[in-house]
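Numbering (this note's numbering), first residue to last: 812 to 1056.
Printed below as a string of C-alpha cells:
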C-alpha cells in the first residue's frame, strides 16, 4: 500500500491472502479502493490448515469477519459450559475435521485439554451470526475484565487504527484500583503530532465507557512474532509499572 501511495505501480498485484491476525477494517477498505481482492483465512497450527474463509466478495459487507467454515470443516462457538452460543453471543471457537491434529508430541495432558470429543478447542473468542459467519474477537488469554465486564482488546484496536495518525496499536490490561483492570493503548504514531488525548477522544461514541482506554503510551514498534501476531507478553513486561485509579 505504501508503495502504491508513493507513486510506484502495483497494478500486477491482483489479490492477497491474509491470516494470523484479523485485518483492520480500515485496511480492508484501502485494499478494495485499490482494486485488490483480499481473501482472509482463519486457522491455527493445531487445525493444520484454514478453518474459516472470508472471500473478497464478502470483504466489505462482512468487514471484520473471518468468514464461514472452510471445506470439510466443522465450526462451533460455545460458552464456558460447552453449550452452543446463540447467534451474536461471544464464546470459544471449536473446530472439527479430518485435518485437525492428532495431538501434541509426548504431551497427553495438553492434548486431552485441547482436543475433546473430536473438537479442537482453539482458545479464541468469537461470535457466529445466523448465516454462519464467524467474527474473531480475541484470544481468551488476552481478554481483560473491567468492572466485571469482558473487554476484548481487538475491538479497541480496530477503533484506534481507524485514526489516520495511528500506524499500529496493541491494547492490554493494566491494574485498576477501581475496576480491577483497565485498557492501556500502546500506539505507534504515523503522525508525530498525535497526542494521548486524541487517541482517547477518537474512541468516544464508538466504544462503551468500560472499554475506553484509560492510558496511552507511544512506542516506536509493536513487537510481533514472525507470523505477525502481537507479542503481548513482551508489552506486559515493558509496562508493568503502569496502573490507573
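Every residue, glycine too, gets a C-beta built ideally from N, C-alpha and C. Note that this is a predicted model, so its numbers are computed, not measured.
Kindly examine the ligand SAM and report whether one of its heavy atoms sits closer than 6 Å to the Cβ of residue i.
| i | result |
| --- | --- |
| residue 1003 | The ligand SAM is not part of the structure shown, which contains no ligands of any sort. |
Taking the alpha carbon of residue i as the point to measure from, which residue in the options has its own alpha carbon closest?
| i | options | result |
| --- | --- | --- |
| residue 819 | 828, 845 and 991 | 845 |
| residue 1044 | 1034, 1038 and 1053 | 1034 |
| residue 1032 | 1001, 904 and 879 | 1001 |
| residue 926 | 955, 857 and 823 | 857 |
| residue 1005 | 977, 872 and 996 | 977 |
| residue 982 | 1018, 966 and 902 | 966 |
| residue 837 | 828, 859 and 874 | 874 |
| residue 905 | 871, 853 and 872 | 853 |
| residue 1054 | 1036, 1041 and 987 | 987 |
| residue 915 | 872, 1013 and 859 | 859 |
| residue 843 | 824, 1051 and 941 | 824 |
| residue 995 | 951, 949, 1037 and 1047 | 1047 |
| residue 855 | 1020, 1029, 1049 and 931 | 931 |
On the DSSP letters alone, give me the boundaries of the alpha helix (DSSP H) that residue i sits inside.
| i | result |
| --- | --- |
| residue 918 | No alpha helix (DSSP H) contains residue 918, which DSSP labels as neither H nor E. |
| residue 842 | 836-844 |
| residue 964 | 964-972 |
| residue 1048 | 1043-1049 |
| residue 1092 | The structure shown does not extend to residue 1092, since the chain is modelled only from 812 through 1056, so no value can be given for it. |
| residue 1012 | 1007-1012 |
Who are the near neighbours of residue i in its chain, counting only those whose CB is closer than 6 Å to its CB and skipping five residues on each side?
| i | result |
| --- | --- |
| residue 947 | 833, 877, 935 and 937 |
| residue 1023 | 1014 |
| residue 911 | 858 and 931 |
On the CB-based measure, 16 or more other CB atoms within 10 Å of its CB, does residue i come out buried or exposed?
| i | result |
| --- | --- |
| residue 907 | buried |
| residue 1027 | buried |
| residue 944 | buried |
| residue 921 | exposed |
| residue 974 | buried |
| residue 997 | buried |
| residue 1039 | exposed |
| residue 872 | exposed |
| residue 955 | buried |
| residue 992 | buried |
| residue 839 | buried |
| residue 1012 | exposed |
| residue 902 | buried |
| residue 984 | buried |
Note down, in chain order, each residue of its chain lying with its Cβ closer than 7 Å to the Cβ of residue i, except the 5 sequence neighbours on either side.
| i | result |
| --- | --- |
| residue 953 | 964 and 1043 |
| residue 1018 | 967 and 970 |
| residue 1007 | 1027 |
| residue 898 | 939, 940 and 941 |
Specify, as a first and last residue, the run of the beta strand (DSSP E) that residue i falls within.
| i | result |
| --- | --- |
| residue 1031 | It is not in any beta strand (DSSP E) - residue 1031 carries neither H nor E in the DSSP assignment. |
| residue 948 | 945-950 |
| residue 891 | Counting along the chain, residue 891 falls outside any beta strand (DSSP E), and DSSP gives it neither H nor E. |
| residue 850 | 848-855 |
| residue 939 | 930-939 |
| residue 1004 | Where residue 1004 is concerned, there is no enclosing beta strand (DSSP E), given that its DSSP letter is neither H nor E. |
| residue 997 | 991-1000 |
| residue 862 | 860-865 |
| residue 980 | 977-987 |
| residue 902 | 902-907 |
Between residue i and the rest of its own chain, which residues show a CB-CB distance below 8 Å, the 5 nearest in sequence each way excluded?
| i | result |
| --- | --- |
| residue 950 | 934, 935 and 936 |
Problem set entry | Validate contact between the segment 959-972 and the segment 878-895 using beta carbons, cut 8 Å, 3 pairs | no
For this session: Count the C-beta pairs between the segment 866-876 and the segment 838-856 that are closer than 8 Å, then say yes if the count reaches three, no if not.
Result: yes
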